[in-house]
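Protein chains: 2
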Amino acid sequence: MTWTTAQHIALAFDFPVVFTRNAFDPENAALAEVFGRSGPGPHRAGVVIDAGLAAAMPGLADRARAYCAVHDAAIRLVAPPLTVPGGERAKADFAVVEAVWKLTYEAKLCRQSFLVVIGGGAVLDAAGFAAATAHRGVRLIRMPSTALAQNDAGVGVKNGVNAFGRKNYIGAFAPPYAVINDHALLATLPAREIRSGLAEAVKVAVVRDADFFARLCELAPLLAALDCDALEEADRRCAVAHLEHIASGGDPFEMGSARPLDFGHWAAHALEEATGGDMRHGEAVAVGMALDTLYAARVGLLPRADADAVLGLLEQLGLAVWHPALANLDMPAAVEAFREHLGGRLHLTLPTAIGRRIEVHDVDYASLAAARETLAGRGVPSGPACPGE
Amino acid sequence: MTWTTAQHIALAFDFPVVFTRNAFDPENAALAEVFGRSGPGPHRAGVVIDAGLAAAMPGLADRARAYCAVHDAAIRLVAPPLTVPGGERAKADFAVVEAVWKLTYEAKLCRQSFLVVIGGGAVLDAAGFAAATAHRGVRLIRMPSTALAQNDAGVGVKNGVNAFGRKNYIGAFAPPYAVINDHALLATLPAREIRSGLAEAVKVAVVRDADFFARLCELAPLLAALDCDALEEADRRCAVAHLEHIASGGDPFEMGSARPLDFGHWAAHALEEATGGDMRHGEAVAVGMALDTLYAARVGLLPRADADAVLGLLEQLGLAVWHPALANLDMPAAVEAFREHLGGRLHLTLPTAIGRRIEVHDVDYASLAAARETLAGRGVPSGPACPGE
Chain A
245 MTWTTAQHIA LAFDFPVVFT RNAFDPENAA LAEVFGRSGP GPHRAGVVID
295 AGLAAAMPGL ADRARAYCAV HDAAIRLVAP PLTVPGGERA KADFAVVEAV
345 WKLTYEAKLC RQSFLVVIGG GAVLDAAGFA AATAHRGVRL IRMPSTALAQ
395 NDAGVGVKNG VNAFGRKNYI GAFAPPYAVI NDHALLATLP AREIRSGLAE
445 AVKVAVVRDA DFFARLCELA PLLAALDCDA LEEADRRCAV AHLEHIASGG
495 DPFEMGSARP LDFGHWAAHA LEEATGGDMR HGEAVAVGMA LDTLYAARVG
545 LLPRADADAV LGLLEQLGLA VWHPALANLD MPAAVEAFRE HLGGRLHLTL
595 PTAIGRRIEV HDVDYASLAA ARETLAGRGV PSGPACPGE
Chain B
245 MTWTTAQHIA LAFDFPVVFT RNAFDPENAA LAEVFGRSGP GPHRAGVVID
295 AGLAAAMPGL ADRARAYCAV HDAAIRLVAP PLTVPGGERA KADFAVVEAV
345 WKLTYEAKLC RQSFLVVIGG GAVLDAAGFA AATAHRGVRL IRMPSTALAQ
395 NDAGVGVKNG VNAFGRKNYI GAFAPPYAVI NDHALLATLP AREIRSGLAE
445 AVKVAVVRDA DFFARLCELA PLLAALDCDA LEEADRRCAV AHLEHIASGG
495 DPFEMGSARP LDFGHWAAHA LEEATGGDMR HGEAVAVGMA LDTLYAARVG
545 LLPRADADAV LGLLEQLGLA VWHPALANLD MPAAVEAFRE HLGGRLHLTL
595 PTAIGRRIEV HDVDYASLAA ARETLAGRGV PSGPACPGE
């Protein structure tokens, strides 16, 4: 009486990640070429701009419009650029999501139309969720405007907004149609933002690329001074490492046991929630990595010298390894919330050497508390988490 | 200065579609086995039930709970079954979506937990969208409770809710973890619902399976009398045709030119919107197919005898081929709304013989109006669209 048929569905997504400067210079063909990948144009498009970026770069919306006008064989801008609140507010509720849904509806963007989203990670996440769900997905071109977005989330396959006090509780896996990493968009970022973005570079270096770690140590004085070329190199290398991790893991939508590169992120998520957005994501990741690095050393997984190297690099880059909110964190609850978000059994990524990682499934909370104690003793170095900067 | 890296992501989804009867009979292992596919249990699960079904089948929620208790090695029900409004109301706004998000949050369902949704197509669509987006996707087991849901949407890869007055404006492509088609769930359906579900069987037969069309003609008297075995055969064959269409098309998420099997659906969507939900989806599809069949014949694509056979089968099954709302429909606007939803160039599926189809990209509206005239002349046969039934 019972009869089963097995359904098999195979999907492939191919998208370019373009590293460039001044993407809206009319002479720069990169963006128009991305539109051209979908056949003869012009293709309908809407543009969403992060208000923070728009304020820092007056004229950006006009330059985007002018670019589309010059490249009108490829791009037909069918609505004025929509400016939405930037920063964590963008994903604190559904306001940005709904504004972008309204744009797609009113501008009659169809599933083969384009939405170009220019902004920080939170705007990319919220507008990206809207793009992924309007008509079950219009084509999204991400133009990340923070170091963090360019080197990590902006090149990935996720989007989302917060709900129930949880980061990214509502979201989807949805590869973009293309990513344009325009280094010039980073020009006006505050030093704190730029430095915060370096945390993800340290992360991928520590858990998967010893050569990159060595290079970061070499570049550290230049990076600490926010040298443009050094930052571009670090960000690009970090982005490519994330791209490789997603593509090579065999489970890009994390349906099974595949994990994102989330070393240090259980504590980071909890710290961001606990501080109500006062910490930048990268700042929280730096503290989270420092904690897990000391924990790994304490439980004998990581040589002490390697742990010192990780903390030393973070501090050299001006990233604080301690935040007072960590002192009060309910660590078992934070680990459990992290497990629940990823699903299934707990997987924590820890380094076993510079460039190598393992997944652990249990936490020795006494050792973790001891690691926290040690970290508290390191105090707060000069850096972006200092009050007054 | 510009440098591009090509990201390639490959994904595979495998899910079983189980045809059974009395899935909550403790002796029926089908549902527990679906949980077992994900490894040793018990696995956390929540259950969502369509209020219409719950009313028609008193004790269903209790039977579901009892089933989980018997199969506690596989299933751990972590919250009482949640009953949500059924029918088109379920997807008219975000109320059901939000209720299911709240359930997943409060019951601490993670990405490797399960949500079992039992109900008609609208509840599956709304709760399915919530499941696809909570934690970026918890595992969804669909138990469709209408013929239409069992033979079409319930086995597919889409979900969604209405917005801006448009059907399914917000949604996602998200394969289920499994589908359990329990024929016993259909036992209490009103005759009108069951008959409406046959429209999709006619659809797949007309545009892709001449043998199935012949079989439907053979079974027509039994189907018209709502014979249980005949309905089960028709529904199963229809479901399998939909599964094959999705898997074999090479573009299951419809990112390019691949199309769902949507013969007759442009007018159906418009009729459903115009009548504010008074027409069942299948009833609207029957009228839409009749219109497009006559149009195909009028423009010389389809032999007249085949057109007569299609209309004859619909009428034999008790499906009306005309609805007064069609008389006032702005047909060019409806075609354009349909094009926009699917995206890109217009693709309308028309039959060129029983079992064969082509895609056309232009409409001769004079011929379409003439086809509508002809259809109006056929009047309203005895059938489910008659007032008073």
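Protein chains in written order, with my numbering: chain A, 245 to 633; chain B, 245 to 633. Beta carbons: idealized from backbone N, C-alpha and C, even for Gly. Since we're looking at a predicted model, the values are computed, not measured.
List the residues of chain A that residue i touches, going by C-beta distances under 8 Å, in chain order.
i: D536 (chain B); result: The premise fails here: D536 (chain B) is roughly 21 Å from chain A at the closest Cβ pair, so nothing lies under 8 Å.
i: P260 (chain B); result: T248, T249, A250, Q251
Give the straight-line distance between the Cα atoms of residue i and residue j, rounded to the nearest whole angstrom.
i: A226 (chain B); j: H252 (chain A); result: Examination of residue 226 (chain B) is not possible in this model, given that chain B is present from 245 through 633 alone.
i: D552 (chain A); j: T264 (chain A); result: 35 Å
i: M523 (chain B); j: A336 (chain B); result: 15 Å
i: R320 (chain A); j: E476 (chain A); result: 31 Å
i: L384 (chain A); j: A299 (chain B); result: 43 Å
i: A485 (chain B); j: F456 (chain B); result: 10 Å
i: A564 (chain A); j: V531 (chain A); result: 7 Å
i: S626 (chain A); j: R481 (chain A); result: The predicted model places S626 (chain A) with a pLDDT of 44, which falls under 50 and marks its position as unreliable, so this point remains unresolved.
i: R601 (chain B); j: V451 (chain B); result: 5 Å
i: V261 (chain A); j: A615 (chain A); result: 39 Å
i: G521 (chain A); j: E332 (chain A); result: 7 Å
i: V607 (chain B); j: V344 (chain B); result: 42 Å
i: N425 (chain B); j: A478 (chain B); result: 13 Å
i: K352 (chain B); j: S389 (chain A); result: 34 Å
i: G632 (chain A); j: P576 (chain A); result: With a pLDDT of only 34 at G632 (chain A), under 50, the local geometry of the prediction cannot be trusted, and the value read off the model is given with reservation. Their backbone Cα atoms lie some 32 Å apart in a straight line.
i: L368 (chain B); j: I362 (chain B); result: 7 Å
i: M245 (chain B); j: C472 (chain A); result: 14 Å
i: A534 (chain A); j: A370 (chain A); result: 29 Å
i: A374 (chain A); j: V341 (chain A); result: 5 Å
i: A483 (chain B); j: A474 (chain B); result: 14 Å
i: R436 (chain A); j: L430 (chain A); result: 12 Å
i: A218 (chain A); j: P302 (chain B); result: Residue 218 (chain A) is absent from the structure shown; chain A starts at 245 and stops at 633.
Would you say the beta carbon of residue i comes nearer than 8 Å to a heavy atom of the ligand MG?
i: A310 (chain B); result: In the structure on display, the ligand MG does not appear, and there are no ligands present to speak of.
Residue i: which of the options sits nearest, CA to CA?
i: V401 (chain B); options: B:K335, B:E603, B:A491, B:S357; result: B:A491
i: R355 (chain A); options: B:V446, B:A564, B:L586; result: B:L586
i: L255 (chain B); options: B:S357, B:A549, B:E527, B:D495; result: B:D495
i: D306 (chain A); options: A:V340, A:R288, A:F268; result: A:F268
i: A418 (chain B); options: B:L430, B:R436, B:N403; result: B:N403
i: M387 (chain A); options: A:G364, A:A597, A:F358; result: A:G364
i: F582 (chain B); options: B:L392, B:A512, B:H427; result: B:A512
i: V314 (chain A); options: A:V322, A:A339, A:E271; result: A:E271
i: A528 (chain A); options: A:F507, A:Y539, A:A540; result: A:F507
i: Y539 (chain B); options: B:E584, B:L592, B:L515; result: B:L592
i: V360 (chain B); options: B:K411, B:M301, B:R288; result: B:R288
i: E350 (chain B); options: B:V322, B:A339, B:G372; result: B:V322
i: I414 (chain A); options: A:F338, A:D536, A:E517, A:Y609; result: A:F338
i: N412 (chain A); options: A:E488, A:A454, A:E517, A:L429; result: A:E517
i: E580 (chain B); options: B:T596, B:L590, B:T519, B:L573; result: B:L590
i: E584 (chain B); options: A:P595, A:S282, A:S357, A:N572; result: A:S357
i: A366 (chain A); options: A:G621, A:P568, A:A397; result: A:A397
Who are the neighbours of residue i on chain B, taking C-beta pairs under 8 Å?
i: V344 (chain A); result: None at all; the shortest Cβ gap to chain B is about 11 Å.
i: V484 (chain A); result: T249
i: F582 (chain A); result: Within 8 Å Cβ-Cβ: nothing; F582 (chain A) doesn't reach chain B, min ~10 Å.
i: A378 (chain A); result: Y413, I414
i: I490 (chain A); result: Q251, I253
Quick one: which chain B residues come within Cβ less than 9 Å of residue i?
i: Y311 (chain A); result: Near Y311 (chain A) there are no residues of chain B at all, since even the closest Cβ is about 15 Å away, more than 9 Å.
i: L586 (chain A); result: C354, R355, Q356, H379
i: I634 (chain A); result: Residue 634 (chain A) cannot be examined here, being either before or after the span of chain A that is shown, 245 to 633.
i: R265 (chain A); result: M245, T246
Using a Cβ cut-off of 7 Å, pull out every chain A residue sitting near residue i, in sequence order please.
i: A468 (chain B); result: Those within 7 Å of A468 (chain B) in chain A number zero; the least Cβ separation is about 25 Å.
By the criterion of Cβ-Cβ separation under 7 Å, what are the contact partners of residue i in chain B?
i: A454 (chain A); result: The contacting residues do not exist; A454 (chain A) stays about 21 Å from chain B at best.
Counting beta carbon pairs with one atom in the stretch 292 to 304 of chain B and one in the stretch 322 to 331 of chain B, are three or more of them shorter than 8 Å?
yes
Members of the stretch 591 to 613 of chain A that neighbour chain B once the beta carbon cut-off is set at 8 Å:
none
Please identify, using Cβ separations under 8 Å, the residues of the stretch 402 to 416 of chain B that lie next to chain A, in order along the chain.
K402, G404, A407, F408, R410, N412, Y413, I414, G415, A416
Report yes or no: do the stretch 377 to 386 of chain A and the stretch 310 to 319 of chain A share at least 3 C-beta pairs separated by less than 8 Å?
no
Please list the residues of the stretch 500 to 534 of chain A that have a C-beta atom closer than 7 Å to any C-beta atom in chain B, keeping them in chain order.
none
Do three or more CB pairs link the stretch 559 to 575 of chain B to the stretch 463 to 475 of chain B at distances below 8 Å?
yes
So, do the stretch 404 to 413 of chain A and the stretch 433 to 446 of chain A have three or more beta carbon pairs nearer to each other than 8 Å?
no
Using a Cβ-Cβ cut-off of less than 8 Å, list which residues of the stretch 348 to 359 of chain A approach chain B; keep chain order.
Y349, K352, C354, R355, Q356, S357
Determine which residues of the stretch 275 to 287 of chain A have a Cβ less than 7 Å from any Cβ of chain B, and write them out in chain order.
none
Whether or not the stretch 588 to 606 of chain A and the stretch 527 to 545 of chain A are in contact is what I'm after, with contact meaning three or more pairs of Cβ atoms, one per stretch, closer than 8 Å; do they touch?
yes
Would you call the stretch 275 to 285 of chain A in contact with the stretch 430 to 444 of chain A, where contact means no fewer than 3 C-beta pairs closer than 8 Å?
no
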